[in-house]
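Peer 1: Whatever position you read off the sequence shown (first residue = 1), add 619 for the working numbering. Ideal placement from N, C-alpha and C gives every residue a C-beta, glycine not left out.
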Amino acid sequence: NNIGLEVGLNIAEMNRCISSGAYDEEMYEAKRMASVFEIESVPTFVIDDKKNVTNLKPYKEFIKDFED
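Next up, the structure:
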């Protein structure tokens, strides 16, 4: 709850969403994709469902990963 409060969430609504399972499917899919693409850090970008780009880089290096 503390993190939710710090970022300004409505705690009652947040807890309702968690306990209702409203986002269980999305969380399962996010965890599955993280496993498939071996995501271990943020930020990580998945490009065309086959390439992941990690780490912060200068823009010119970063954009090359998207162009390759």
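Which partner residues does glycine 670 have in the DSSP bridge list?
Peer 2: Before going further, note that residue 670 is lysine rather than glycine in the sequence given. In DSSP, lysine 670 forms a bridge with Ile666.
Peer 1: Suppose you measure from the CA of isoleucine 637 to the CA of proline 662; what does that come to, to the nearest Å?
Peer 2: 25 Å
Peer 1: Leaving aside the five residues before and after methionine 633 along the sequence, list all residues of the same chain whose C-beta is less than 7 Å from its C-beta, in chain order.
Peer 2: Gly623
Peer 1: Which of helix, strand or coil does DSSP assign to valine 626?
Peer 2: coil
Peer 1: Taking the alpha carbon of alanine 653 as the point to measure from, which residue in Val672, Arg635, Ser639 has its own alpha carbon closest?
Peer 2: Its Cα nearest to that of alanine 653, the residue Val672 stands out among Val672, Arg635, Ser639.
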